[in-house]
Amino acid sequence: MRAPDDPYPDALARTINAHINGDLAAAAAELTKIRFVPPERKPQRWPTIPTIAKIHAHDRYHCRYCGERVVLTAVMRLVSRLYPELFPYHRNWKADSTHPAFVSRSATLDHIEPIADGGDPVDPANLATACWNCNRRKGDLRLDELGWTLVEPSDPHWRGLTDLFHPLWQAAGSPPLSDDDRTWMRAVTQS
Numbered sequence: 048m049r050a051p052d053d054p055y056p057d058a059l060a061r062t063i064n065a066h067i068n069g070d071l072a073a074a075a076a077e078l079t080k081i082r083f084v085p086p087e088r089k090p091q092r093w094p095t096i097p098t099i100a101k102i103h104a105h106d107r108y109h110c111r112y113c114g115e116r117v118v119l120t121a122v123m124r125l126v127s128r129l130y131p132e133l134f135p136y137h138r139n140w141k142a143d144s145t146h147p148a149f150v151s152r153s154a155t156l157d158h159i160e161p162i163a164d165g166g167d168p169v170d171p172a173n174l175a176t177a178c179w180n181c182n183r184r185k186g187d188l189r190l191d192e193l194g195w196t197l198v199e200p201s202d203p204h205w206r207g208l209t210d211l212f213h214p215l216w217q218a219a220g221s222p223p224l225s226d227d228d229r230t231w232m233r234a235v236t237q238s
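In terms of my numbering, the sequence shown has 210 at position 163, counting the first letter as 1, and numbering is strictly consecutive.
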């Protein structure tokens, strides 16, 4: 059953028919009826890669929500370049083309107090390491809404394989890296 308040299919049909019939003014008038003007967005601030690397190092590359160890995604991308058939990666993380380790163990950055709820996007006190799954589940929710608390890292020696990033890159013959991956390598080598 068709939703009575859904104007889009009929308005688009009228627009297309008017255009086909050469009545461009009528086509534009029909689109004007369903016009969408995106709200003006403020430029978003985001922490730099070196700042994110410091947060990950501080959190010992552990998800602060579930406590699992995570791995720097740039390291996994390099492994994928060396073994694409065994450890595939798709830049858009297509599920049928990307090894599950990328989704389950990639280190991501989360805002403890969501930006949408007024959290500071660059304050290190508001930043935490999260696995991709926890980051996705948390979304724009607050910890108290989820009943979550921050978990302390369990393995003080885990570094998300960052200590192997540069040696692996050298052993691979120093292949060209993306700008981001070069920045990550510098950031984790310095931290």
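We put the beta carbon where it would ideally sit given N, CA and C, even for glycine.
Where residue i falls, given that 16 or more other Cβ within 10 Å makes a residue buried
{"i": "Gly69", "result": "exposed"}
{"i": "Asn182", "result": "buried"}
{"i": "Arg124", "result": "buried"}
{"i": "Phe83", "result": "exposed"}
{"i": "Trp93", "result": "exposed"}
{"i": "Tyr130", "result": "exposed"}
{"i": "Arg152", "result": "buried"}
{"i": "Tyr55", "result": "exposed"}
{"i": "Thr79", "result": "exposed"}
{"i": "Lys185", "result": "buried"}
{"i": "Ile96", "result": "buried"}
Residue i, DSSP secondary structure in three states
{"i": "Ala74", "result": "helix"}
{"i": "Leu174", "result": "strand"}
{"i": "Ile81", "result": "coil"}
{"i": "Pro200", "result": "coil"}
{"i": "Leu211", "result": "helix"}
{"i": "Lys89", "result": "coil"}
{"i": "Pro168", "result": "coil"}
{"i": "Arg184", "result": "helix"}
Cut-off 7 Å between Cβ atoms - residues of its own chain near residue i, not counting five sequence neighbours on either side
{"i": "Cys110", "result": "Val117, Thr176, Ala177, Cys178, Cys181"}
{"i": "Lys65", "result": "Residue identity check: residue 65 is Ala in the sequence provided, not Lys. Cβ within range, chain order: Ala73, Ala74, Glu77."}
{"i": "Ala154", "result": "His103, Tyr108, Val117, Val118, Leu119, Thr120, Thr176, Gly207"}
Own chain, CB closer than 6 Å to residue i, minus 5 neighbours either side, in chain order
{"i": "Leu190", "result": "none"}
{"i": "Arg88", "result": "none"}
Contacting residues, own chain, Cβ-Cβ under 8 Å from residue i (five flanking each side not counted)
{"i": "Trp140", "result": "Phe149, Val150"}
{"i": "Thr145", "result": "Pro135, Tyr136, His137"}
{"i": "Asp227", "result": "Ile96, Ala121"}
Restricting to runs no shorter than 4 residues, where is the alpha helix (DSSP H) found entirely within the region 103-165? The region 103-165 contains these whole alpha helix (DSSP H) runs: 120-129, 147-152.
For the region 102-111 and the region 197-212, state whether three or more C-beta atom pairs, one from each stretch, are separated by less than 8 Å. In this structure the region 102-111 lies against the region 197-212, because at least three pairs of beta carbons, one per stretch, are closer than 8 Å.
With three or more C-beta pairs closer than 8 Å as the rule, is the region 149-165 touching the region 188-206? Between the region 188-206 and the region 149-165, the count of C-beta pairs closer than 8 Å reaches three or more; the two stretches touch.
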